[in-house]
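**Q** In our numbering, the protein residues as written are 406 to 1114. Think of the CB as a built atom: it goes at the ideal place given N, C-alpha and C, for glycine as much as any other residue. First the structure, then my questions, so here it is.
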């Protein structure tokens, strides 16, 4: 196919050099056929690339939807989950510069195909621990598992043993069992996500550049927009798949589901997180197959034969000779590969590029941290299940992002907004988006009433030391462990950490239908009229569902508002760099975002969220596990506050971008821009200021943007 492509180019060239007076009709016919051949090849590549974007977006968003499931399955804190999430960006870091700079000299479609295979291998590796670490074990009182005999939670055999001795003996049993239980299997999830990052690296820089090189200039932006639009569908299906898998028990197909005593509303519930990764891995394999049969080069359309760059780009870069441009476009020599450092220096000498890069890094720190822990925030703040949380994000938030990206491009086309106007639109979008985010502080739920943690056993506010307040006079006669988490709901509407700590003397029933009686702590509560309790925590307050609805409305509007500024910002980025540095600049931009935002943001957001934990779970053989209960108010202020502070800092850099553009533009440029023509971007030339509008309907590429909002 590569030889055929070269023959088509020679055929086109032979027909176009004929004299006009002898073969004008033949030339038009030949050009028409060549255009059809070119369009056919580029459209096949477009379809294949769109499917790859769908596949990588689906797997990336599915990972976000399973963050809480992975945390519970491997019994690890949020900070460690953040490291796992950031390993994807580390994978990109390893090879992105090499792929972006040298990939264009090689067989780009086959490199993309190889990346898909690596990406699928990483996805399969993430699911593998499920088949090697044994069945999932959760904390439950014995009578709720398989017994119908009345057992006293307070007066079990272990009550004959002093509490301190009991805990010491449990810590000493099977010193190596923690490892055998599979607590270190999360490393395979980290390595699998790292492999996903390596495989995904060549898709964006090489795929987009391939389309831009061989598509008709007026259609290039439309094609790129189509790819990005299809990519938005991926996260929708990713989160919906996450919602479906979260409803299924983690060991479905391996255990009797009737023996499972927890429900999806329980904080110990873990869904079939591994199932979605198997599906995503198969899709990635299928997406990579077409690229092994595509040619290295396509015939260029006639309109781009004699130009090395678009007419638009020539207006916003420092003028260089045509010969120099042609040398970059047509001479793929080894000596060109040695120009890495000069290219890097040229790129970082552009003040608009540097300032926009800084603004993007800080803003993505804000957005990545916010989106990574958004499912956890909704579950803990509003008491929603993982399944419902993923469903809401996939069906409401992601379409809002897609509509915002499209609206940004449409606004630029309709009003003929230039570079200066694009900077203003991007700044305004960020400012109003974070202003809306500020209102979410007032849309939270109060802490659930948990005896000994959020309220005292008598209904008053708890002591400062939460651990010590788990014990009270009402349960002093019981030998209870403060490390257990097996919540029950008293008829007084208060949740107790365990039936033992509630002072329950008797129980009846089995599984989810277990009922506890004669609970001394329930009886002593100030508003209590009964002493019974049932399995599971109590529901949040009556105002919480209403607050959740308000949160969804503001969250959707915020996602839309922030997304509107994406396309203008991307246009600003592309129009202020030299054409031969386009692919390299995008690679550096993506690298910086992932190294300085994608890697650290989930980690320090996770560390901050861990500080709001009220009750930590304990691993089967000792050691701290995943958090079971968060302080709702503290979680809201930490999660939203950190997001907002970072967003405001990014706005200051956006203001600096606008200031530099204004300073480098003359008053005449600003007048032209206001009248629908393009303002300057670091250039003194003001000729040919008219905007080619079709280039403005171009969806921005944000690294893993499909999962960010």
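Given this structure, state the Cα-to-Cα distance separating residue 446 from residue 1043, to the nearest angstrom.
**A** 51 Å
**Q** Could you tell me whether the Cβ atoms of residue 1040 and residue 782 are closer together than 8 Å?
**A** yes
**Q** Quick check on this structure: which residue in 597, 803 and 751 has the alpha carbon closest to the alpha carbon of residue 644?
**A** 803
**Q** By a C-beta neighbour count over all protein chains shown, 10 Å radius and 16 as the cutoff for buried, is residue 664 buried or exposed?
**A** exposed
**Q** In terms of residue numbering, what span does the beta strand (DSSP E) encompassing residue 1018 cover?
**A** 1018 to 1023
**Q** Rounded to whole angstroms, what is the Cα-Cα separation between residue 861 and residue 1016?
**A** So the two alpha carbons sit approximately 21 Å from each other.
**Q** From what residue to what residue does the alpha helix (DSSP H) around residue 770 run?
**A** 756 to 777
**Q** Distance, Cα to Cα, residue 508 vs residue 514?
**A** Approximately 10 Å, taken between the alpha carbons.
**Q** Indicate whether the contact test is met: 3 or more Cβ pairs, each with one atom in the segment 833 to 840 and one in the segment 665 to 680, closer than 8 Å.
**A** Fewer than three pairs of CB atoms, one per stretch, sit closer than 8 Å, so the segment 833 to 840 makes no contact with the segment 665 to 680.
**Q** Taking the DSSP output, what are the residues bridged to residue 450?
**A** Residue 450 pairs with nothing; no bridge assigned.
**Q** Determine the direct distance from the alpha carbon of residue 973 to that of residue 609, and round the result to whole angstroms.
**A** 19 Å
**Q** Would you give the residue range spanned by the alpha helix (DSSP H) that residue 956 belongs to?
**A** 949 to 969
**Q** Run through the DSSP bridge pairs and tell me what residue 895 is partnered with.
**A** 938
**Q** Would residue 918 be called buried (16 or more neighbouring beta carbons within 10 Å of its own) or exposed?
**A** exposed
**Q** What does the alpha-carbon distance come out to for the pair residue 627 and residue 671?
**A** 47 Å
**Q** With respect to the beta strand (DSSP E) encompassing residue 683, which residues constitute its N-terminal and C-terminal limits?
**A** Element bounds for residue 683: not the beta strand (DSSP E) but the alpha helix (DSSP H), 678 to 693.
**Q** Does residue 393 pass the burial test, meaning 16 or more other C-beta atoms within 10 Å, or should it be called exposed?
**A** The chain is shown from 406 up to 1114; residue 393 falls before or after that span and cannot be answered.
**Q** One question on the structure: do residue 504 and residue 669 come within less than 8 Å of each other, judged by their Cβ atoms?
**A** Contact flag unset, no.
**Q** Can you give, in chain order, each stretch of the alpha helix (DSSP H) that sits fully within the segment 605 to 679 and has at least 4 residues?
**A** 608 to 619 and 622 to 652
**Q** Here's a check: name, in chain order, each residue in its chain whose Cβ is nearer than 6 Å to the Cβ of residue 460, leaving out the five neighbours to either side.
**A** 688, 689 and 692
**Q** Between the Cα of residue 536 and those of 464, 558 and 594, spot the shortest distance and give me the residue it belongs to.
**A** 594
**Q** By Cβ distance, which residues of its chain are closer than 8 Å to residue 1003, with the 5 residues on each side in sequence left out?
**A** 491, 493, 494, 497, 769, 773, 1108 and 1109
**Q** Per DSSP, which one or two residues make a beta bridge with residue 1034?
**A** 1020
**Q** Going straight from the alpha carbon of residue 911 to that of residue 925, what length do you get?
**A** 11 Å
**Q** Could you tell me whether the segment 959 to 979 touches the segment 812 to 828, using the rule of 3 or more Cβ pairs below 8 Å?
**A** The segment 959 to 979, when compared against the segment 812 to 828, does touch it at the 8 Å Cβ threshold.
**Q** Here's the rule: buried if 16 or more other CB atoms are within 10 angstroms of the residue's CB, otherwise exposed. What is residue 941?
**A** buried
**Q** In the DSSP assignment, find the alpha helix (DSSP H) that holds residue 474 and state where it starts and stops.
**A** Where residue 474 is concerned, the enclosing alpha helix (DSSP H) stretches over 472 to 478.
**Q** Between which two residues does the beta strand (DSSP E) carrying residue 920 extend?
**A** 920 to 924
**Q** From the DSSP output, in three-state form, read off residue 704 for me.
**A** DSSP places residue 704 in coil when its eight states are reduced to three.
**Q** Tell me whether residue 847 sits in a helix, a strand or coil according to DSSP, three-state version.
**A** helix
**Q** So, do the segment 693 to 704 and the segment 814 to 825 have three or more beta carbon pairs nearer to each other than 8 Å?
**A** As far as the Cβ criterion goes, the segment 693 to 704 does not touch the segment 814 to 825, which means the pair count is below three.
**Q** From the DSSP output, in three-state form, read off residue 1043 for me.
**A** helix
**Q** Can you list, in chain order, the residues of its chain whose CB lies under 8 Å from that of residue 517, leaving out five sequence neighbours each side?
**A** 454, 457, 607, 608, 611, 612, 693 and 696
**Q** If we ignore side chains and look at the alpha-carbon of each, how far apart do residue 1010 and residue 1051 end up?
**A** 12 Å
**Q** Does DSSP put residue 855 in a helix, a strand or coil?
**A** strand
**Q** With three or more beta-carbon pairs closer than 8 Å as the criterion, would you say the segment 887 to 906 touches the segment 1020 to 1037?
**A** yes
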